[in-house]
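A.B. asks: Take the position in the sequence shown, starting the count at 1, then add 298; the result is the number in the numbering used here. Note that CB positions come from ideal geometry on N, CA and C, so glycine has one too. On a predicted model such as this, the values are computed, not experimentally measured, just so you know. I am attaching a structure below and will ask some questions about it afterwards.
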Amino acid sequence: MTQNTQQQSSNKFSTYLMFIVLIVLGLAVVALFSAVYAYMLDNTMLAGFLIIIGTFALVISCVVFYQTKRTAASLKIEAPKVMTFIECKNCGTKTTRDFQRGDYVFKELATCPKCPEHKQMITGAYKEIKEKEKTFAV
Ligand SMILES: [Zn+2]
């Protein structure tokens, strides 16, 4: 499988994984309920065995669920964020904020909070580089 098809099927794969997680979670609940039932029937050996299986399945499904959520979240941030650089030429105060529609370099903004007679100006816009990729390059 090439990398492209892998990326395309990753979404389908996570739904497939979710399905498995739900099944394992269901089995865990059934095992725990059976454990309670076995305990009520004085079959403590079976109850303990079912509790171990149930807890194990519960932990596994939680871990897989957490991992899938994390991968899904990291896939969402793939589009690079554009930041706007704002600077006051008078006092040199520099701030950054999310890029907004209509932002352009040398556009004048609201007055500087430190010096009311001067206006802040956009001095640049740049794409935020993902930290993970940066550390990978080093
Ligand atoms: Zn200023």
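1) Looking at the structure shown, is TYR402 part of a helix, part of a strand, or coil, going by DSSP?
2) Roughly how many angstroms separate the alpha carbons of ASP340 and ALA333, rounded to a whole number?
3) Tell me the rounded alpha-carbon separation between GLU426 and LYS405.
4) Quick check on LYS432: buried or exposed, where buried means 16 or more other Cβ atoms within 10 Å of its Cβ?
5) For a test of the three-state rule: what should DSSP assign to GLY390, helix, strand or coil?
6) Does DSSP put LEU348 in a helix, in a strand, or in coil?
7) Buried or exposed: which applies to CYS389, given that a residue is buried once 16 or more other Cβ atoms fall within 10 Å of its Cβ?
8) So, is the C-beta of SER332 closer than 8 Å to a C-beta in chain C?
9) LEU330 and GLY346 - do their beta-carbons sit closer together than 8 Å?
C.D. replies: Let me spell this out:
1) coil
2) Going by the C-alpha atoms only, they are around 10 Å apart.
3) 21 Å
4) Because LYS432 carries a pLDDT of 49, less than 50, the predicted location of this residue cannot be relied on, and the following value inherits that uncertainty. The residue is exposed, with fewer than 16 neighbouring Cβ atoms inside 10 Å.
5) coil
6) In this structure, LEU348 counts as helix in the three-state DSSP scheme.
7) Under this definition CYS389 is an exposed residue.
8) The question asks about chain C, but that chain is absent: this structure has only one protein chain.
9) no
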